[in-house]
Each structure stands twice: as C-alpha cells, then as structure tokens.
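Data block below; observations after.
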Amino acid sequence: MYSKNSVMMQRDIEVIWHPCTQMKDHETLPLIPIKSGKGVYLYDFEGNSYIDAVSSWWVNLFGHANETINNKIKAQLDTLEHVLLAGFTHEPAVELAHKLVNITPKELKKVFYVDNGSSAVEAALKMSYHYHLNLGKRKPLFLSLTNSYHGETIGALSVGDVALYKETYEPLLIANMQVPVPRDQSEAAADEALRGLEKVLQEKSHEVAALILEPLIQGAGGMHMYNPTYLVGARVLTKQYDVHLIADEIMTGFGRTGKMFACEYADISPDFMTLSKGLTGGYLPLSVVMTTDDVYNAFYCDYNEYKAFLHSHSYTGNPLACSAALATLEIFEQSDILGENKRKQNYIKNKVEKFKSLSNVKEVRQQGMVTAIELKGYKAEERIGLRIYEYALSQGVLLRPLGHVIYFMPPYTITDEEIDKMIEVAYKGIKKL
Ligand SMILES: Cc1ncc(COP(=O)(O)O)c(C=O)c1O
Numbered sequence: 007m008y009s010k011n012s013v014m015m016q017r018d019i020e021v022i023w024h025p026c027t028q029m030k031d032h033e034t035l036p037l038i039p040i041k042s043g044k045g046v047y048l049y050d051f052e053g054n055s056y057i058d059a060v061s062s063w064w065v066n067l068f069g070h071a072n073e074t075i076n077n078k079i080k081a082q083l084d085t086l087e088h089v090l091l092a093g094f095t096h097e098p099a100v101e102l103a104h105k106l107v108n109i110t111p112k113e114l115k116k117v118f119y120v121d122n123g124s125s126a127v128e129a130a131l132k133m134s135y136h137y138h139l140n141l142g143k144r145k146p147l148f149l150s151l152t153n154s155y156h157g158e159t160i161g162a163l164s165v166g167d168v169a170l171y172k173e174t175y176e177p178l179l180i181a182n183m184q185v186p187v188p189r190d191q192s193e194a195a196a197d198e199a200l201r202g203l204e205k206v207l208q209e210k211s212h213e214v215a216a217l218i219l220e221p222l223i224q225g226a227g228g229m230h231m232y233n234p235t236y237l238v239g240a241r242v243l244t245k246q247y248d249v250h251l252i253a254d255e256i257m258t259g260f261g262r263t264g265k266m267f268a269c270e271y272a273d274i275s276p277d278f279m280t281l282s283k284g285l286t287g288g289y290l291p292l293s294v295v296m297t298t299d300d301v302y303n304a305f306y307c308d309y310n311e312y313k314a315f316l317h318s319h320s321y322t323g324n325p326l327a328c329s330a331a332l333a334t335l336e337i338f339e340q341s342d343i344l345g346e347n348k349r350k351q352n353y354i355k356n357k358v359e360k361f362k363s364l365s366n367v368k369e370v371r372q373q374g375m376v377t378a379i380e381l382k383g384y385k386a387e388e389r390i391g392l393r394i395y396e397y398a399l400s401q402g403v404l405l406r407p408l409g410h411v412i413y414f415m416p417p418y419t420i421t422d423e424e425i426d427k428m429i430e431v432a433y434k435g436i437k438k439l
C-alpha cells in the first residue's frame, strides 16, 4: 500500500521537469506534494504541516488562502477573467496602476504591465535601450552589481552575476558589465563601491543605457545586504552621466526591507522600478515596470515615426492577478502592517542573537523582514544547504538555504510562536551539521 504522498510524487516525476533542480536528486530526495495551504502553513497529502519560512520563493505576504485576497479574486472571476490589454482596458488594471503610482517614488508616473519578474526586467532593459535610441543615442551596454540576480531569461540573466546560473549561457548574453556591490552594510563599503561605479561611468557612460540593481538586499546572491548610501550615490552618478537607474524591487518591494519600497531608505526616485512577487500577495503571476513621464514621452509620437514600445505578453495585466494585487494593497491600507513587521523584525533579531556564538556561523544579518545566517568552513560540494533543508522539513519547517546562507523570509502573518519554531529548527539544524 503506497502512501498518498508517494503516489503523487511518482506521478509527478513521470512528467514534470522541475525548476532550478537537478532531477536526479529526486532519486533519493523526496518531493513534497502539497495538498493545501493556510496561513504560514503548507500541508501535504498525509496531513504533515510545514511552516513556509521562505514565503514560497519570496512571493507570499499575508499567508496562504488569505480570506481578503481569496474573496477579491472570486468576485473578479465571475466578472472578467481576462482580456487583452492592447486596445482594451479593465477596472482592476486601471485601479491598480493608480494605486501603484501613488505609493511608489514620486517620479514614477506610468505603469507597464508584464506577467513575471524576469519579463519585467527584460521590458525595463529594452525600454531603457530604446529610450536612448529614440533620442538618437546608441547605448547597448548594461551595468549591474557583482553578485546580483535579476531573473533567468536571456536579458535578465545577462545583468545577473550568479555564475551557477549565468556561466553556461555566456555566448548568448547581451552586453553587460558588473561594478562592485558594497562588500557589507557599512557606509565605508558603500563609498568604496561608488568610487568603482564612478570610474566605470567615466570610461563607459557613452555606451551605457542603465545601471540595474537590487536595492539594499541581493536575494539570490545569498541575501547580501548593503547600505542605502550606495543608492543615494548611484542615483546622483547615473543622473550625472546620462545613464538610467533601474531599481529591481521584485523581491524587496511591498515591505520586505521594512519600508514599502527599499528605495525609500535613500529617498531616491529611479528611472524604472520593477515589481512582482509580493505584488499579488503571492497568488498569481503579475509584474510591472514603473517609469517616468520623461521615458514615456520619448516613445510618444506619430505611429510612422516608429518609436513605440511594441512589447507584449498575452497575459499582461491579467484581471484576476490585478484583483489579487488590489486586495494585497487593501490589506496594507487597512492595518499597520509595516509597524507590526517592525516589532516582528526586532523579535526575530533578538532570537537570532544566539546563532552568533556557533563556531560555524560567519555572520548574522537582517534588513526588515529578511534575516540571514551565513555559515563558514564548508565547501560547495558538501551541499550543506541541502542538509539543512532536509532536516528542517523533517521538523515541519520549509527553509530553502542559498548555498551556505540560511535565511528567513516568512509571510508577514507569522506569529511569535511560529517564529520561535522556525528559528529553533534552523538553530538545531546548524548546530548538528
Ligand atoms: C530581484 C529579482 N529580480 C527578478 C527576479 C525574477 O523573477 P521571476 O522569478 O518572477 O522571473 C527575481 C526572482 O527571484 C528576483 O529576486
């Protein structure tokens, strides 16, 4: 008699090629078939529960099966499931765009809908290049920070810097160059990195369309964190050298860093901001590129001048996804989420103090609702992240370390008791390595 979990796993393995996975691993590593979710918990087919400490790849903000979001999507489902956005529009897209313009940095006035994070980055890169071209300038090179991650379609991969994902595809990539990310969260490190950026801009700015960065936290690059001073300086320099600044807030947006958007820490307004993940509360694929009137106006002319941005995706601005996003923003409007997160963030901060005394812990760092514990003394081949992952699952917690960096990025609805469990499991896992 096979268990429900194993039947489901078998049927899956027969036909599904999973993302970011060496499928052979599943000869020994069981897949976890999830039947349902509620709050921070995911439930498998045998009733085991797992605290979703990584918000299902950083998307979930207010828990699984959230009532407010469910109801809004249900209502939309009976009204309009989808319509193309070229030549047509619909209420959720219009309302959401107005709200996004109101809450994002002041110069961002236009919303271009896309349908996932990487595609938003692609669209932002193309828009930036095309903007300069429309103004008579050919600038095919993009700058990004060392250790960055912006997605995995070809353009997005080109401006990333995680060798594991990028190296194989090197011959396919678009023109890109990396400038140093600040090495830590200090102002001195930010100043040093800014000097590196200025040097490159002095030499290359005539061919550079944009600098793209993940403000304050480089997610897939191991939750590396840096000081907002860098953002202030990068904004000044990019303006000075006629280079766009693209703030990729796909992971950092919607409160993850402690403020609604990470750019607020530096009080800057970028030329483009990409948003996805938390935008729909973790429900449906949707993304946006926010940009300025200046960028928008460079494309605005008679059709036969051929300056339009002719970029599209079938599911652009899907009404169900926009409704999920509207419900998500409603939750932010109706209670003091960021204030409550501040309390939780301090609670987590105090609880993780004890990790610092473990001999295999190199650093504990935190920015808002993201807390990372970096381990030391292990080789990549040891795959210690995988060992922590397996141990945590056996204890009912979904952690998904990035190499030797264990991190917590839970839904904001997590309770103190659930935080205690999440942290205790990680602590024991790290201690017994
Ligand atoms: C900063 C950042 N940009 C872009 C992406 C790509 O988003 P998606 O996975 O939806 O393509 C990610 C995904 O993790 C991300 O963290």
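Residue numbers (our numbering): 7 to 439.
Ideal placement from N, C-alpha and C gives every residue a C-beta, glycine not left out.
Here the structure is a predicted model, which means the values were calculated and not measured.
Problem set entry | Start and end residues, beta strand (DSSP E) containing H250 | Stepping through the sequence shown from its first residue, residue 250 is reached at position 244. Per DSSP, H250 belongs to the beta strand (DSSP E) from 250-254.
For this session: Compute the minimum distance between the beta carbon of H156 and the heavy atoms of ligand 1, and state whether it is under 7 angstroms.
Result: Translated into positions along the sequence shown, residue 156 becomes position 150. The answer is yes for H156.
Exercise. Is it true that the CB of I256 sits closer than 8 angstroms to the CB of L281?
Worked result: Position 275 of the sequence shown, counting from 1, holds the residue named residue 281. Position 250 of the sequence shown, counting from 1, holds the residue named residue 256. Cβ atoms of L281 and I256: closer than 8 angstroms.
For this session: Determine the burial state of H156: buried for a count of at least 16 other Cβ atoms within 10 Å of its Cβ, exposed for fewer.
Result: One-based indexing of the sequence shown puts residue 156 at position 150. Buried, since its Cβ has 16 or more Cβ neighbours within 10 Å.
For this session: Would you check if there are 3 or more beta carbon pairs closer than 8 angstroms linking the stretch 124-136 to the stretch 185-201?
Result: no
For this session: Could you tell me whether the Cβ atoms of V403 and M428 are closer together than 8 angstroms?
Result: Your numbering for residue 403 matches position 397 in the sequence shown. Your numbering for residue 428 matches position 422 in the sequence shown. Yes, the pair counts as a contact, with Cβ atoms nearer than the cut-off.
Problem set entry | Alpha-carbon spacing of V100 relative to L243, whole angstroms | Here residue 100 corresponds to residue number 94 of the sequence shown, with the count starting at 1. Here residue 243 corresponds to residue number 237 of the sequence shown, with the count starting at 1. Straight-line Cα distance between these residues: approximately 34 angstroms.
For this session: Answer yes or no: the CB of I425 versus the heavy atoms of ligand 1, is any distance below 7 angstroms?
Result: Sequence index remark: in the sequence shown, residue 425 carries index 419 (1-based). Because no heavy atom of ligand 1 lies under 7 angstroms away, the Cβ of I425 does not count as near it: no.
Problem set entry | Cβ neighbours of P186 in the same chain (closer than 8 angstroms, five flanking residues each side left out) | As a working mapping, residue 186 is identified with position 180 in the sequence shown. Here the set comprises L151, T152, E198, A199, G202, L203.
Problem set entry | For K44: DSSP bridge partner residues | The residue given as residue 44 occupies position 38 in the sequence shown. DSSP output for K44 lists Y47 as bridge partner(s).
Exercise. With which residues is Y56 paired in a DSSP beta bridge?
Worked result: Reading the sequence shown from its first residue, position 50 is the one you call residue 56. L48, per the DSSP bridge assignment.
Problem set entry | Distance, I19 Cα to V13 Cα | Start at 1 with the first residue of the sequence shown, and residue 13 comes out as number 7. Start at 1 with the first residue of the sequence shown, and residue 19 comes out as number 13. Cα to Cα, the separation comes out at about 10 angstroms.
Problem set entry | For V168, the three-state DSSP class (helix, strand or coil) | In the sequence shown, the residue the question calls residue 168 occupies position 162. Three-state DSSP puts V168 in coil, outside helix and strand.
Exercise. Is it buried or exposed for A314, if we count other Cβ within 10 angstroms and need 16 for buried?
Worked result: Here residue 314 corresponds to residue number 308 of the sequence shown, with the count starting at 1. Exposed, because fewer than 16 other Cβ atoms sit within 10 Å of the Cβ of A314.
Exercise. Just to check, is the beta-carbon of D167 closer than 7 angstroms to a non-hydrogen atom of ligand 1?
Worked result: Within the sequence shown, numbered from 1, the residue matching residue 167 stands at position 161. Checking every heavy atom of ligand 1 against the Cβ of D167, none is found closer than 7 angstroms.
Problem set entry | Proximity test, A226 beta-carbon vs ligand 1 heavy atom, cut-off 7 angstroms | Taking the first residue of the sequence shown as position 1, residue 226 is located at position 220. Flag set: Cβ of A226 near ligand 1.
For this session: Alpha carbon to alpha carbon, how far is R393 from L405? Give it in angstroms, no decimals.
Result: Residue mapping note: residue 405 aligns to position 399 of the sequence shown, counting from 1. Residue mapping note: residue 393 aligns to position 387 of the sequence shown, counting from 1. Near 11 angstroms, if we compare the C-alpha coordinates of R393 and L405.
Problem set entry | Burial state of P25, where buried means 16 or more other Cβ atoms lie within 10 Å | For the purposes of this step, residue 25 is identified with residue 19 of the sequence shown, where counting begins at 1. Counting Cβ neighbours within 10 Å, P25 comes out exposed, since fewer than 16 surround it.
Exercise. So, using beta-carbon positions, are G225 and V65 closer together than 8 angstroms?
Worked result: Residue mapping note: residue 225 aligns to position 219 of the sequence shown, counting from 1. Residue mapping note: residue 65 aligns to position 59 of the sequence shown, counting from 1. Cβ atoms of G225 and V65: not closer than 8 angstroms.
Exercise. Taking Cβ to Cβ, would you say V238 is nearer than 8 angstroms to A272?
Worked result: Taking the sequence shown and counting its residues from 1, the one referred to as residue 238 is at position 232. Taking the sequence shown and counting its residues from 1, the one referred to as residue 272 is at position 266. Their beta carbons are under 8 angstroms apart, which means V238 touches A272 by this criterion.
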